[in-house]
Amino acid sequence: MKEIRVSTHPGVILKEEFAIPLNLTQAKLSKDLDVGIKTLSEIYNEKRGITPLMAMKLSEYFGTTPEFWLNLQNAYDLYKTYQKEKDKIKKISPLVA
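Numbering of the sequence shown is given in our numbering, commencing with residue 29 and proceeding in unit increments.
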């Protein structure tokens, strides 16, 4: 398996690429999305991932797609898992038919 490239947590993207440029406070965004401010804070701080429901809410709010948010989460999860388990993964030999 090739090295998996570094992926940014979707909470960082949400904060840095959407909330900050649009001057959205956590309080306003949490109210507009109908989620708790703790939930949003945990996403921003990489302690919680993007769920399918949150992806739908974010896509509706920002005019993106749910897939955009879920793909960010998936790439991040793959990266983190690979970093944790790469020694075990590298021991696996590909099947030769």
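All C-beta atoms, glycine included, are put in the ideal place defined by N, C-alpha and C. Here the structure is a predicted model, which means the values were calculated and not measured.
Apply the 10 Å Cβ neighbour rule to alanine 55 and answer buried if 16 or more other Cβ atoms are within range, or exposed otherwise. exposed
In the DSSP assignment, find the alpha helix (DSSP H) that holds proline 38 and state where it starts and stops. 38 to 41
CB of proline 49 within 8 angstroms of CB of leucine 100, strictly: no
Could you check what DSSP says for lysine 119 in three-state terms: helix, strand or coil? coil
Spatial distance of arginine 33 from serine 69 (CA atoms): 26 angstroms
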